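*Asks:*
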Amino acid sequence: MYVAFLWHQHQPCYQSYGMVGTGHGHYQLPWVRLHGTRDYGGLIKLWARYPSLHQTVSLTPCLLAQLEDYAQGLAIDRHLALTVSPVEKLSLGQKAEILNTFFEANPYTQIFPQHRYQQLYEQRQRQGIDWCVAHWQPQDFSDLLAWHNLIWFDPLTVAEDKEVWNWYFRQKSFTLGDRQRIISKQRQIIQGIIPLHHQLQESGQLEIITSPYGHPILPLLADTNIARTVQAALALPDPRFCWSEDGIRQLQRGKQYYREIFGRESRGLWPPGLAISPAMLQTVAQLRFEWLCADESVLAKSLSTGAERSAWLNSVYRVPTEDGELAMVFRDQQLSDLISFHYGRYSPAQAAQDLIERLLARRPHPDNGQPRLVTIALEGDGTWNGYENSGFDFLQQFYQQCEQLGRQRLLQLVTVSEFMDQFPPTQVLTQHNGIPSPLVGSWNRGNFSQWIGQPSQNQAWDYLIDARQTLASHPEATEENNPEAWQALYGAESSDWFEAFGQGNSAQTLTSEALFRQHLIRLYHALNEIPPGYLHHPLMDQNGDRHLEGHLYPHWDNLTNLIPWQVAHPVPVHTGQAFVSQIYYGHDRQRLILRFDFHRLLPELIPDELHLAWYYPYVAHGHAPLAIASLPDQGPLNYYFHHHCRINLHHLQSHHEIAVGPNRWQPHPQRPQLVHQGQTLVVVIPLTALPETRPDSLHLLLLLGQQGEFWANLSGDNLVQWRLH
82 MYVAFLWHQH
92 QPCYQSYGMV
102 GTGHGHYQLP
112 WVRLHGTRDY
122 GGLIKLWARY
132 PSLHQTVSLT
142 PCLLAQLEDY
152 AQGLAIDRHL
162 ALTVSPVEKL
172 SLGQKAEILN
182 TFFEANPYTQ
192 IFPQHRYQQL
202 YEQRQRQGID
212 WCVAHWQPQD
222 FSDLLAWHNL
232 IWFDPLTVAE
242 DKEVWNWYFR
252 QKSFTLGDRQ
262 RIISKQRQII
272 QGIIPLHHQL
282 QESGQLEIIT
292 SPYGHPILPL
302 LADTNIARTV
312 QAALALPDPR
322 FCWSEDGIRQ
332 LQRGKQYYRE
342 IFGRESRGLW
352 PPGLAISPAM
362 LQTVAQLRFE
372 WLCADESVLA
382 KSLSTGAERS
392 AWLNSVYRVP
402 TEDGELAMVF
412 RDQQLSDLIS
422 FHYGRYSPAQ
432 AAQDLIERLL
442 ARRPHPDNGQ
452 PRLVTIALEG
462 DGTWNGYENS
472 GFDFLQQFYQ
482 QCEQLGRQRL
492 LQLVTVSEFM
502 DQFPPTQVLT
512 QHNGIPSPLV
522 GSWNRGNFSQ
532 WIGQPSQNQA
542 WDYLIDARQT
552 LASHPEATEE
562 NNPEAWQALY
572 GAESSDWFEA
582 FGQGNSAQTL
592 TSEALFRQHL
602 IRLYHALNEI
612 PPGYLHHPLM
622 DQNGDRHLEG
632 HLYPHWDNLT
642 NLIPWQVAHP
652 VPVHTGQAFV
662 SQIYYGHDRQ
672 RLILRFDFHR
682 LLPELIPDEL
692 HLAWYYPYVA
702 HGHAPLAIAS
712 LPDQGPLNYY
722 FHHHCRINLH
732 HLQSHHEIAV
742 GPNRWQPHPQ
752 RPQLVHQGQT
762 LVVVIPLTAL
772 PETRPDSLHL
782 LLLLGQQGEF
792 WANLSGDNLV
802 QWRLH
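See the structure below:
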């Protein structure tokens with residue numbers, strides 16, 4: 082039994098530039114430095130302790146470039162600058178900024194385990210930012226600045242580095258000198274990331290693969306209209322973006338950068354978002370990549386087979402194109418999502434044992450005798466925020482069992498290339514060989530809606546189209562004589578910005594939006610062009626919540642029929658992606674209607690509760706907090722609401738209650754109607770359940786729960802604003 086782990090390590094280009102030619106710039110967000118300290122630096126040290134376990138790592142070029150900047154002391158981000166500032170000289174604005182941004186961590190796994198950090202967090206939550214600005218002592222700010230950085234040291238470093246361990250043991254009374262040493266220690270770790278990866282690749286334990294330089298969604302660069310092949314009614318920018326040569330350039334740049342760093346060619350490719358299309362596959366083959374990874378959902382849709390899942394999923398396929406042949410592996414969505422979304426709620430021993438048992442259950446070989454390769458592909462950084470001890474306890478217990486099973490020749494962790502070398506793929510995927518439809522889609526439910534289709538996303542594509550056409554009008558601006566312009570283009574084409582535009586207006590999303598515009602402004606400046614005025618204004622409304630424009634009065638007789646819902650309003654799904662593939666909402670003159678499309682996978686792990694909570698802004702009525710156990714004390718989860726509907730997903734029963742005081746709920750006689758068909762649940766709330774004087778809008782929160790406890794926030798950092806008139 083062979084298993085290939087593909088760890089995707091990536092951060093977008095956070096560098097903000099001044100005027101072209103000045104050479105000045107700084108990093109707006111700290112995530113390269115912080116994830117570098119814990120994940121990229123910590124995981125590689127952990128892997129080195131298990132030399133018999135071979136794995137594959139995707140290190141994106143834009144991440145590598147930023148890691149090099151930090152390693153050389155050329156990068157400074159806003160959080161770093163504040164960390165090494167004398168707290169006695171902090172302005173009121175800087176203090177407020179620190180209180181706003183230096184608790185950006187998982188409270189349960191990162192903040193609460195540290196007594197001093199928890200103390201500061203709870204005081205900020207209880208008293209508010211203004212009170213803390215006025216009453217905190219310099220030592221309080223110094224301790225907060227220190228702990229914001231300390232929690233990002235990996236557990237191996239905490240246990241083995243005496244200086245770091247002493248900081249953890251001390252908990253408080255940090256000085257400016259301590260904070261400077263913390264930053265110095267982070268830099269030391271980051272300096273070792275690339276050399277240690279290089280060392281493990283040379284030893285054969287690791288295979289490192291690349292991505293296109295700026296991490297764009299390659300099929301959308303070639304033609305944004307490709308999104309309609311998998312979502313026919315998706316709203317798209319007009320005119321469309323259609324620059325396939327940008328994808329070629331970005332792939333070439335990624336290959337070149339990889340050669341410069343690692344001294345060899347990258348055999349494999351991680352397509353951003355695991356997004357593929359026939360034209361993109363042809364380009365990848367043309368550039369002589371040997372293999373790439375895509376998502377199970379894309380293969381399943383193309384095969385349209387009723388065969389046993391394991392019979393077609395756990396194989397390496399040959400894919401012919403007009404420019405040569407590629408090998409492809411397909412991500413096991415179930416196992417990958419278990420690690421990404423679920424195992425953090427298990428004990429490390431339970432999670433490791435469950436994963437081992439699921440892998441061994443896939444052991445039997447297919448009839449043709451070809452060994453199976455189970456591909457587990459996931460992000461290698463953000464995954465661990467929800468795990469106790471940053472996931473290291475889980476990984477170590479899992480790796481120890483893998484070593485034991487390897488000695489028994491029952492399970493072996495391999496790189497993709499070494500498996501292909503030992504067992505060259507024989508199964509061929511062509512439209513003339515059993516595939517009724519081409520390979521198109523991504524790991525986002527098999528479509529492209531994570532990066533295109535919402536108004537703000539399409540507006541961003543419009544901005545990018547204008548900038549790209551301006552660059553094309555300057556044929557003299559080649560990459561050789563105007564690298565600044567092309568670097569700005571690659572930065573603006575990153576998938577991360579378009580993904581952020583679909584996630585509401587959190588503070589980090591607004592920073593991403595500003596970075597996107599800065600990349601475009603930089604492009605115009607590099608061409609000696611005046612940037613359009615709209616680039617100096619936020620792309621997104623800054624009220625903090627998504628909102629509906631206009632009216633929607635559909636008349637749906639068959640509430641589970643998909644077609645009418647294509648004109649409804651989608652809610653981007655956040656931490657519940659493993660359970661819910663899509664959410665739509667709309668209303669007619671009699672009812673509020675929400676549709677939830679659940680995944681067919683993991684039925685045994687689907688939580689048993691769906692919670693809907695809302696209030697009416699600017700309307701005086703009773704409000705109360707949600708009485709859900711383990712609900713994080715952070716907005717919008719800790720807001721006060723007027724209505725609360727609890728739906729039991731296993732028994733399809735609903736309960737509706739209304740707030741009648743600050744902490745009092747009473748049952749409401751009008752319960753939501755539930756319509757269930759297949760994997761779809763429709764929730765219907767009569768408008769008569771609303772106040773007699775119809776409010777203009779409501780602000781809605783969507784949660785999943787398990788046996789009365791909070792499980793996942795479906796609606797993300799912001800409430801959904803639902804306009805009713």
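Position one of the sequence shown corresponds to residue 82 (the numbering used here), numbered consecutively onward.
Cβ coordinates follow ideal geometry from the N, Cα and C atoms, glycine included.
Note that this is a predicted model, so its numbers are computed, not measured.
1) From which residue to which residue does the beta strand (DSSP E) around histidine 617 run?
2) Report the CB separation of leucine 782 from valine 661 in whole angstroms; it is logged as a contact under 8 Å.
3) Could you check how far apart the C-beta atoms of glutamine 538 and phenylalanine 597 are, in whole angstroms? I think they sit under 8 Å.
4) Contact between the stretch 310-324 and the stretch 520-532: three or more CB pairs below 8 Å?
5) Measure the alpha-carbon distance for histidine 618 versus tyrosine 544 and round it to whole angstroms.
6) Could you compute how far the alpha carbon of leucine 173 sits from the alpha carbon of tryptophan 217?
7) Leaving aside the five residues before and after threonine 256 along the sequence, list all residues of the same chain whose C-beta is less than 8 Å from its C-beta, in chain order.
8) Here's a check: name, in chain order, each residue in its chain whose Cβ is nearer than 6 Å to the Cβ of threonine 238, leaving out the five neighbours to either side.
9) Kindly indicate which three-state DSSP category tryptophan 746 falls into: helix, strand or coil?
10) In its own chain, which residues sit with a C-beta less than 6 Å from the C-beta of histidine 116, not counting the 5 before and 5 after it?
11) Could you tell me the distance, in whole angstroms, from the CA atom of threonine 551 to the CA atom of tryptophan 88?
12) Tell me whether arginine 676 is buried or exposed, calling it buried when 16 or more other Cβ atoms sit within 10 Å of its Cβ.
13) From which residue to which residue does the alpha helix (DSSP H) around histidine 196 run?
14) Just checking: is the beta-carbon of histidine 725 within a distance shorter than 8 Å of some beta-carbon in chain D?
15) Could you name the residues of the same chain whose beta carbon sits closer than 7 Å to that of leucine 785, not counting the 5 residues immediately before and after it, in chain order?
16) Could you spell out where the alpha helix (DSSP H) holding methionine 82 opens and where it closes?
17) Could you check what DSSP says for glycine 631 in three-state terms: helix, strand or coil?
18) Below 7 Å CB to CB, which residues in the same chain sit around glycine 631 once its five sequence neighbours on both sides are set aside?
19) Closer than 6 Å by C-beta to tyrosine 151: which residues in its own chain qualify, once you throw out the five before and the five after it? Chain order, please.
20) Report all residues from its chain with a CB closer than 8 Å to the CB of glutamine 715; omit the five preceding and five following residues, and keep chain order.
21) Kindly indicate which three-state DSSP category aspartate 626 falls into: helix, strand or coil?
22) Please list the segments of the beta strand (DSSP E) lying wholly inside the stretch 675-717, counting only runs of 3 or more residues, in order along the chain.
23) Our contact map puts asparagine 171 next to cysteine 213 with C-beta atoms below 8 Å; I'd like the distance itself, whole angstroms only.
24) What runs of the beta strand (DSSP E), each 3 residues or longer, lie entirely inside the stretch 770-800?
25) What span of residues does the alpha helix (DSSP H) with proline 142 cover, start to end?
26) For arginine 549 versus tryptophan 324, is the C-beta distance shorter than 8 Å?
27) Across which residues does DSSP place tryptophan 372 in a beta bridge pair?
28) Return the residue from the list Tyr666, Pro706, Ala607, Leu762 that minimises the CA-CA distance to aspartate 678.
29) Suppose only complete runs of 4+ residues qualify. What are the alpha helix (DSSP H) ranges in the stretch 553-588, listed by chain order?
30) Can you name, in chain order, every residue of its own chain whose Cβ lies under 6 Å from the Cβ of phenylalanine 370, other than the five neighbours on each side?
31) So, helix, strand or coil for proline 293, using DSSP?
32) How long is the line joining the alpha carbons of asparagine 562 and glutamate 574, rounded to whole angstroms?
33) Residues in its own chain within less than 7 Å of histidine 636 by CB, not counting five upstream and five downstream?
34) Which value, in whole angstroms, describes the spacing of the CA atoms of valine 497 and glycine 123?
35) Evaluate arginine 260 with the Cβ neighbour count: other Cβ atoms within 10 Å of its Cβ, from every protein chain shown; 16 or more gives buried, anything less gives exposed.
36) Please name the residue in Thr364, Ala308, Leu201, Gly295 whose C-alpha comes closest to that of glutamate 326.
*Replies:* Reading from the atomic positions:
1) Per DSSP, histidine 617 belongs to no beta strand (DSSP E) and is neither H nor E.
2) Wrong, their Cβ atoms sit about 14 Å apart, outside the cutoff.
3) About 11 Å; that fails the 8 Å criterion.
4) yes
5) 12 Å
6) Roughly 11 Å separates the two Cα atoms.
7) Ser223
8) So the qualifying residues of the chain are Val245.
9) strand
10) Asp462
11) 37 Å
12) buried
13) 196-208
14) Given the protein chain composition of this structure (a single chain), no chain D is represented.
15) Gly657, Phe660, Pro688, Glu690, Leu691, Trp792, Ala793, Leu795
16) In this chain, methionine 82 is not harboured by any alpha helix (DSSP H), its DSSP state being neither H nor E.
17) Residue placement at glycine 631 is poorly supported in this model, since its pLDDT is 31, which falls under 50; the coordinates still yield a value, given next. Note: glycine 631 maps to coil in three-state DSSP.
18) Because glycine 631 carries a pLDDT of 31, less than 50, the predicted location of this residue cannot be relied on, and no value is offered for it.
19) Result list for tyrosine 151: Arg114, Ile271, in chain order.
20) Pro188, Gln206
21) Legend: pLDDT at aspartate 626 = 39, less than 50; position of this residue unreliable, value from coordinates given subsequently. The answer is coil: DSSP assigns aspartate 626 none of H, G, I, E or B.
22) For the stretch 675-717, the continuous beta strand (DSSP E) assignments of 3+ residues that do not extend past its boundaries occur at 690-696, in sequence order.
23) What sits at residue 171 in the sequence shown is leucine, not asparagine. With a Cβ gap of about 12 Å, leucine 171 and cysteine 213 do not count as contacting.
24) List check, beta strand (DSSP E) in window: 778-787, 790-794.
25) 142-152
26) yes
27) Gly349, Ala408
28) Leu762
29) Within the stretch 553-588, the runs of alpha helix (DSSP H) that reach at least 4 residues and sit entirely inside it are, in chain order, 564-573, 576-582.
30) Around phenylalanine 370, the same chain offers Leu350 as residues with beta carbons nearer than 6 Å, after the five sequence neighbours per side are excluded.
31) coil
32) 21 Å
33) Low local confidence applies: a pLDDT of 45 at histidine 636 is under 50, so the model's placement there is unreliable, and no value is given.
34) Looking at the two C-alpha atoms, the distance is approximately 23 Å.
35) buried
36) Thr364
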